[in-house]
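K.L.:
Can you read through this structure? Questions will come right after.
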Amino acid sequence: MEKSSIFFTKDDSEIPFDLFSAGFFLISRYEEYLPYAPDRYQRFPEKNSLAFKHDFLSIPLVDLWVMEMKKVIQSKTSSILFPEKKMTCIPTYDIDIPYSYKGKGWFRNAGGLLRDLFSGKLSSVNERINVLKGNQDDPYDSFDFLDSLHKKYALSPIYFFLLSKGGPLDKNISPAHPLMQSLIERTLKKYAVGIHPSYQSNDDMNALRQEISLLDTSKSRQHYIRFELPDTFRHLIELGIKEDYSMGYGSTNGFRASTSHRHRWFDLEKNEVSSLNLFPFCFMECNSFFEQQFSVDEAFQEMVHYADIVEAVGGNFISIWHNFSLGTDPIWEGWKEMYAMFWERKFSE
């Protein structure tokens, strides 16, 4: 069995290791309960994980083991039939900063204008003025583009909104701003929505409670993919969250829990299965762009790889994109077209 040699093995068995214990170790994220030195965003570093160290982060190892186990069982008896599982595609979007210029007020825009002037970014100065005067679309506004894509391919996305009071790493538009209110109402009419708890809320239960109270939802994903086990998930459960979409890394793509399937979170300290359903993601465009420094073509191939392997195991293919990467910001040139090409390829197979 693939990558089984890292666990205690026994050569005289068709399944040469304790698959259930190994699977539990990986899916429960046992290793994240152990002491570790956090990364710069106070997260469990992927380099500490067994999956990274033994080069199986890019595959849903537990799902592959289960498929092999089914083959062994069926080779022994024909009376047991396993239902065929088909992949489910769930595109998701984190709305950290819905607009580059709109909705930020005169103070933030004045500061940005002066910064661009002193930096010699005259094109940005002109763009900001034209957007604020209503003569040009905001470069982060990709919402109509996404609507057309979802309609064309009958996709059912989830939008996660950051609704914090603001902070060094939480630079959203105020939840009370009419533009933000309008965007949320527009989205709710068509799609599922979730809360995107702020970076600072991971240390502040009152902030988390306030943010969740602003949106009628039971879905959540942590901003910066920052969570700590078991506290973060316990807090979400306490505040009524039923589904979390944070199980992945905010630094590199892959399968953090070695599975692409929805599963209930197991609280190791309490030794009990919780009510929280975890939906793992395996691809985020910001990982490809900022952390892995992939070209558009490399990121496309990476996304195809993850979609293909999830399809092979009949799991959930969950990707994360941001509205700003699918707009007209020149640093993201080609990514919008790549995203459209991915879905065209997927539905032309």
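Counting in this note's numbering, the sequence shown runs from 1101 upward without gaps. Virtual Cβ for every residue (Gly too), placed ideally from N, Cα, C. Small disclaimer: the values here were computed from a predicted structure and weren't measured.
#1: Considering just the uninterrupted stretch of the alpha helix (DSSP H) at Asp1196, what are its terminal residues?
#2: Mapping the DSSP letters down to three states, classify Ser1149 as helix, strand or coil.
#3: Would DSSP call Phe1355 helix, strand or coil?
#4: My guess is that Asp1247 and Tyr1199 are in contact by the Cβ rule of under 8 Å, so how many angstroms apart are they, rounded?
#5: For Leu1263, which residues in the same chain have their Cβ closer than 6 Å to its Cβ, ignoring the five residues on either side in sequence?
#6: Please report the residue range of the beta strand (DSSP E) in which Ser1374 lies.
#7: Based on Cα-Cα distance, which residue from Asp1118, Thr1428, Cys1382 lies nearest to Pro1191?
#8: Looking at the structure shown, is Asn1272 part of a helix, part of a strand, or coil, going by DSSP?
#9: Specify whether the segment 1173-1181 and the segment 1369-1380 touch according to this definition: at least 3 beta carbon pairs, one from each stretch, less than 8 Å apart.
#10: For Ser1351 and Lys1290, what's the separation of their Cα atoms in angstroms?
#11: Report buried or exposed for Glu1398, applying the criterion of at least 16 other Cβ atoms within 10 angstroms of its Cβ.
#12: Out of Tyr1133, Leu1119, Ser1301, His1277, which one is the CA nearest neighbour of Asn1148?
#13: Give the straight-line distance between the Cα atoms of Phe1417 and Asp1139, rounded to the nearest whole angstrom.
#14: From the DSSP secondary-structure annotation, give me the bridge partner or partners of Arg1364.
P.N.:
With the structure as the only source:
#1: Against the sequence shown, residue 1196 aligns to sequence position 96. Careful: Asp1196 lies outside any alpha helix (DSSP H) and carries neither H nor E.
#2: The sequence position of residue 1149 within the sequence shown is 49, counting from 1. Coil at Ser1149, not helix or strand.
#3: As a first step, residue 1355 is located in the sequence shown; it is residue number 255 there, counting from the start. If DSSP states are grouped into helix, strand and coil, Phe1355 belongs with coil.
#4: In the sequence shown, residue 1247 corresponds to position 147, counting from 1. In the sequence shown, residue 1199 corresponds to position 99, counting from 1. Not confirmed; about 16 Å, so no contact.
#5: On the sequence shown, residue 1263 is found 163 positions in, with the first residue counted as 1. Once the five neighbours on either side are set aside, the close Cβ partners of Leu1263 are Pro1275, Glu1311, Leu1314.
#6: Walking along the sequence shown from the start, residue 1374 turns up at place 274. Secondary structure note for Ser1374: its beta strand (DSSP E) is the uninterrupted segment 1372-1378.
#7: Along the sequence shown, read from residue 1 onward, the residue named residue 1191 stands at position 91. Check the Cα spacing between Pro1191 and each of Asp1118, Thr1428, Cys1382: the tightest is with Cys1382.
#8: Within the sequence shown, the letter at position 172 stands for residue 1272. Coil.
#9: Counting C-beta pairs closer than 8 Å gives fewer than three between the segment 1173-1181 and the segment 1369-1380, which falls short of the contact rule.
#10: Counting from one through the sequence shown, the residue named residue 1351 turns up at place 251. Counting from one through the sequence shown, the residue named residue 1290 turns up at place 190. Roughly 31 Å between the two C-alpha positions.
#11: Sequence index remark: in the sequence shown, residue 1398 carries index 298 (1-based). Answer is exposed; the Cβ neighbour count stays below 16.
#12: Along the sequence shown, read from residue 1 onward, the residue named residue 1148 stands at position 48. The shortest Cα separation from Asn1148 among Tyr1133, Leu1119, Ser1301, His1277 belongs to Tyr1133.
#13: As a working mapping, residue 1417 is identified with position 317 in the sequence shown. As a working mapping, residue 1139 is identified with position 39 in the sequence shown. Near 27 Å, if we compare the C-alpha coordinates of Asp1139 and Phe1417.
#14: Counting from one through the sequence shown, the residue named residue 1364 turns up at place 264. Paired residues: Asn1377.
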